Amino acid sequence: MFNSIKVKLVLLFLAVFSIFFTALEVFLYYELESVVIRLADEHLKSEVGALANLLSIEEKHGQIEKELQELSASASQVYADKLSGHYFQIVSDKGDILARSPSLLLANKSLPVVKGIRAPEFSTTTGPAGETIRMMVQTVLFDAGALTFIAGDSLEDTYDLISSFRRIVLYIFPAVFIISCAGVFILSGWALRPVEEFSSKVGKITEENLDERLESRGVPAELKPLATSFNSMMSSIEASFAKQKQFLSDASHELRTPTTIIKSFCDVTLGRERSAEDYRNAIKKISATVDRMCDIINRILVISRLDTKTIRFKPVRVDLLDVLGDVVRLIEPSAANKGVEMKLTGASTTIRGDREGITEVFTNIVENSVKYNRPDGKVDIKLRRENNNAVVTVTDTGIGIPASELDRIFDRFYRVDESRSVTVGSGLGLSIVKSIVEEHGGSVEVTSTPGEGSAFEVCLPLSHEFKDPPNF
Ligand code: ADP
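When the letters of the sequence shown are read in order and numbered with our numbering, they come out as residues -1 to 470.
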């Protein structure tokens, strides 16, 4: 469940929302409290100011003593009710209470008595009815002496207001929270729908419909690269699947021909009683056909190992002149049979590679140059260094290859039609050559003139270690 992106998004939102909301509530609470206290302080200041003003006017008329006695009676309505939550008292510098608001007097209570000269001071304390009050203390100097005014306003209403604010916020919080969570859940589901569509489409792809592709138009920008890479992956899978299918069908086709030949030899030979000589000849022909089948099967095995990279090339120092000498010696008898003259020229050149693989490459190319040559033709093998490569050119005077076929002769099982009438073959040799050469970081190219001959050029990188003339 916690692996779901939707659930993760909702949980993340839940965490962020809770932190943000709690911080907001704390901030608003303290901000509101400080505003309300500031307003209470302003109110107390104006009350104390009004009282001090009144007394200073009366002092000018010499009536300050009288006014202090009458102040309680003339106090405004908010001070009139017993413990109304609004209080004042006036104290002499000796600490005697000279006047009190009726709200105190009627309950026979007083505010805390302070002595000495006080600059305006504000504090939050407990009032005469046990309520929380905001209190102001200020001393004003009169001709008759210093009088300290102490005024207090209940904060109970203010705290009630703040509490109801908190209650409202606390009621709203779960509602906003639930709606937002549901919103995030729905939104994330909507945002992830293309991913679900992708995965359902991908899930339906089998070997039957490898041509299916993901639609990259109209999907969110974040998913476009996914669709593009998936589509290109599918294209290469489809191509490789088609290649494998083609390979299998070509292989079966190639093996069917010798099998049919063997079958017809057997049928014809067994059709009637024959001499021992006839049977020997038939078995010889069958044996030759089986050799051809073995050759095809071996090559198919090499190709499949090259494809699956199960052939392990052992890179060692290989002197190409040595390898070419061996190849020439191996093919010499069949070349001599056909009257083809082979010539090898070049200096000793060492590369890093698999000796067996490199030998296979040149055996195939040189064998072809004899196989597809005219009787009494020539094969010229040259080895040279060019830039950082060892270059081997095998030129023959054979039947040549039409220009239109040149880039197909490296395909598996591909044989030029003219060649079929000249000699038997599997059409696999050059594809093996190409794979091995590429595996060694090299390249193979061909140029040809039909009726005149062909030239195969193999480039193999010179290993840095062996760039200088090798000294074995
Ligand atoms: P195979 O020789 O067994 O048919 P290859 O893969 O070695 O298979 O060669 C593929 C085809 O390329 C040959 O069938 C032939 O048509 C053509 N080919 C290769 N080498 C030569 C050459 N030296 N001269 C003319 N054609 C050639």
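C-beta: ideal position from N, C-alpha, C; glycine also. For clarity, every value in this text was computed on a predicted model and none was experimentally measured.
- The C-beta distance from residue 287 to residue 309 rounds to 27 Å, too long to meet the 8 Å contact threshold.
- Annotated three-state conformation of residue 387 is strand, per DSSP.
- The beta carbons of residue 134 and residue 149 sit closer together than 8 Å.
- Three or more Cβ pairs closer than 8 Å define a contact, and the region 412 to 421 meets that threshold against the region 388 to 404.
- Assigned with DSSP and collapsed to three states, residue 406 falls in coil, not helix or strand.
- With respect to the 8 Å criterion, residue 30 and residue 160 are classified as neighbours on the basis of their beta carbons.
- Under the 10 Å beta carbon count, residue 318 is surrounded by 16 or more other beta carbons and is classified as buried.
- In this structure, the alpha-carbon of residue 126 lies about 30 Å from that of residue 55.
- For the 8 Å CB-CB criterion, residue 423 and residue 395 do not form a contact.
- Contact fails between the region 291 to 303 and the region 331 to 346, because fewer than three Cβ pairs, one in each stretch, are under 8 Å apart.
- Cβ neighbours of residue 78 within its own chain (closer than 6 Å, five residues either side excluded): 100.
- Under the three-state reduction of DSSP, residue 77 is assigned to helix.
- Cβ neighbours of residue 339 within its own chain (closer than 6 Å, five residues either side excluded): 376.
- Contact check for residue 342 against residue 388 fails: the beta carbons are separated by 8 Å or more.
- The C-beta separation of residue 392 from residue 364 comes to about 6 Å, placing the pair in contact by the 8 Å criterion.
- Collapsing the DSSP output to three states places residue 454 in a strand.
- Positions of the alpha helix (DSSP H) runs, each at least 4 residues long and wholly inside the region 205 to 283, are given as 222 to 268 in order along the chain.
- For residue 324, same chain residues with a beta-carbon under 8 Å away, outside a window of 5 residues either side, are 357 in chain order.
- Between residue 441 and residue 399, the C-beta spacing is not below 8 Å.
- Under the three-state reduction of DSSP, residue 316 is assigned to strand.
- The C-beta of residue 458 has 16 or more other C-beta atoms within 10 Å across all chains shown, which makes the residue buried.
- Residue 65 sits in a helix when the DSSP states are folded into three classes.
- Nearest to residue 429 by alpha-carbon distance, out of 420, 449 and 407, is 407.
- The Cβ atoms of residue 50 and residue 175 lie no closer than 8 Å to each other.
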